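S.K.: Chains as they are written, first to last, in our numbering: chain A, 37 to 176; chain B, 314 to 406. Glycine included, each C-beta is placed from N, C-alpha and C at the ideal position. For clarity, every value in this text was computed on a predicted model and none was experimentally measured. Quick one: the structure is below, and I'll ask about it shortly.
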Amino acid sequence: MKTNDVILKSVTRVAAVIISTFSIYLFMNGHHNPGGGFIGGLSTASAIVLLFLSFGIEKVRENIRVDFKKLAAVGVLIALGTGMAGVVFGQPFLTQAFGYYDLPIFGNTELASALIFDTGVALAVIGTAVNIILSISEDR
Amino acid sequence: MIFETVLIIALGILMLSILANLYRVVKGPSSADRVQALDSVGINLIASIAVFSVLLHTHAFFDLILLIGILSFIGTIAFARFIERGVVIERKR
Chain A
37 MKTNDVILKS
47 VTRVAAVIIS
57 TFSIYLFMNG
67 HHNPGGGFIG
77 GLSTASAIVL
87 LFLSFGIEKV
97 RENIRVDFKK
107 LAAVGVLIAL
117 GTGMAGVVFG
127 QPFLTQAFGY
137 YDLPIFGNTE
147 LASALIFDTG
157 VALAVIGTAV
167 NIILSISEDR
Chain B
314 MIFETVLIIA
324 LGILMLSILA
334 NLYRVVKGPS
344 SADRVQALDS
354 VGINLIASIA
364 VFSVLLHTHA
374 FFDLILLIGI
384 LSFIGTIAFA
394 RFIERGVVIE
404 RKR
């Protein structure tokens, strides 16, 4: 049964870009505004689920060549690594550092190591959510 | 004062609209009626959040508006594919 869902595919091509941009926005302003790693990772996972819904598993898997199990493991390792970096410098576990730097485009910017921890949380959430969706969609 | 009264009246009307949609969710003869009513509940929820954030003088909920829109869209598509084909995510054999 070959069905033609051109409207769904055309809408998905536009909406996936918008959802991914919105999830990066939610991820980056989690320090001063509502947002953060968890909700940014979940909205990225929802964009990937939308791609799975409209294009099928095989077509997405051959274009996004990421093993989501390894992605979750890498996220947990990044979060653990930022915790252990405080131990290396003689501080308690999960101590975060921040500093003000002059970046070329953004000017005087506050860079905190909590962003790296949030990156780990986001990668773990993306890997876990997409892996759950992929596991329960295999009906064999 | 009268502005807040207008906002509270608008919230009451939106709540009545959500209740009417919930009646269609419970009573709906086919499952397509239920899915469409749930989508409409999501849209009314977005409108209520907008009115509510005006009432509270905050802009902390504006991200939530876009997020509920995205999640309602994806949920409606998933239900529509389940009704139409029986599977949510296709895979070739």
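What residue does the alpha helix (DSSP H) around D41/A start on, and which one ends it?
M.R.: Your numbering for residue 41/A matches position 5 in the first sequence. Counting along the chain, D41/A falls outside any alpha helix (DSSP H), and DSSP gives it neither H nor E.
S.K.: Distance check for G119/A and Q127/A, CA to CA, integer angstroms please.
M.R.: Against the first sequence, residue 127/A aligns to sequence position 91. Against the first sequence, residue 119/A aligns to sequence position 83. Cα to Cα, the separation comes out at about 10 Å.
S.K.: Run through DSSP, which three-state label would A121/A get?
M.R.: The residue labelled residue 121/A in the question sits at position 85 within the first sequence. Correct three-state label for A121/A: helix.
S.K.: Between the beta-carbon of I383/B and the beta-carbon of I168/A, is there less than 8 Å?
M.R.: Taking the first residue of the second sequence as 1, we reach residue 383/B at position 70. Taking the first residue of the first sequence as 1, we reach residue 168/A at position 132. Going by C-beta atoms, I383/B is not nearer than 8 Å to I168/A.
S.K.: Would V339/B count as contacting chain A if we go by Cβ distances under 8 Å?
M.R.: Sequence index remark: in the second sequence, residue 339/B carries index 26 (1-based). Closer than 8 Å: no.
S.K.: Would you mind reading off the limits of the beta strand (DSSP E) that contains F134/A?
M.R.: Walking along the first sequence from the start, residue 134/A turns up at place 98. Looking at the DSSP string, the run of the beta strand (DSSP E) that includes F134/A is 134–139.
S.K.: Once DSSP output is grouped into helix, strand and coil, what is the label at T371/B?
M.R.: Stepping through the second sequence from its first residue, residue 371/B is reached at position 58. Residue state, collapsed to three classes: coil.
S.K.: Check for me: the alpha helix (DSSP H) holding T164/A runs from which residue to which?
M.R.: Here residue 164/A is taken as the residue at index 128 of the first sequence, counted from 1. Here the alpha helix (DSSP H) through T164/A covers 150–173.
S.K.: Below 8 Å on the Cβ atoms is my contact criterion, and I expect A150/A with H67/A to pass it. Report the Cβ-Cβ distance as a whole number of Å.
M.R.: Here residue 150/A refers to the residue found at position 114 when the first sequence is read from its first residue. Here residue 67/A refers to the residue found at position 31 when the first sequence is read from its first residue. Indeed they touch by this definition, with Cβ atoms about 7 Å apart.
S.K.: What I want to know is whether the C-beta of A360/B ends up closer than 7 Å to one or more non-hydrogen atoms of the ligand ZN.
M.R.: As for the ligand ZN, it is missing from this structure, which has no ligand bound.
S.K.: Taking Cβ-Cβ distances below 8 Å as the criterion, which residues of the region 85–103 of chain A are in contact with chain B?
M.R.: Answer in chain order: V85, L86, F88, L89, S90, G92, I93, E94.
S.K.: To the nearest angstrom, report how far apart P342/B and T164/A are at their CA atoms.
M.R.: Here residue 342/B is taken as the residue at index 29 of the second sequence, counted from 1. Here residue 164/A is taken as the residue at index 128 of the first sequence, counted from 1. Their Cα atoms are separated by approximately 37 Å.
S.K.: Taking F91/A as the reference, give the member of E403/B, L332/B, G325/B, A323/B with the closest Cα.
M.R.: Working through the first sequence from its first residue, we reach residue 91/A at position 55. When each option's Cα is compared against that of F91/A, the closest is E403/B.
S.K.: Considering only residues of the same chain and omitting the five flanking positions on each side of F395/B, which have a CB-CB separation below 7 Å?
M.R.: For the purposes of this step, residue 395/B is taken as residue 82 along the second sequence, with counting starting at 1. Contacts found: V401.
S.K.: Residues of chain A with a CB under 8 Å from the CB of E403/B: which are they?
M.R.: Reading the second sequence from its first residue, position 90 is the one you call residue 403/B. By Cβ distance, chain A contributes G92, I93.
S.K.: Helix, strand or coil: which one does DSSP assign to E317/B?
M.R.: Indexing the second sequence from 1 puts residue 317/B at position 4. It is helical.
S.K.: From S361/B, A373/B, L380/B, pick the residue whose C-alpha is nearest to that of S82/A; which is it?
M.R.: In the first sequence, counting from the first residue as 1, residue 82/A sits at position 46. Ranking S361/B, A373/B, L380/B by Cα distance to S82/A puts L380/B first.
S.K.: So A158/A packs on F63/A, CB below 8 Å; how close in whole Å?
M.R.: What you label residue 158/A is simply residue 122 of the first sequence in a count that begins at 1. What you label residue 63/A is simply residue 27 of the first sequence in a count that begins at 1. The Cβ separation is near 6 Å, so the contact holds.
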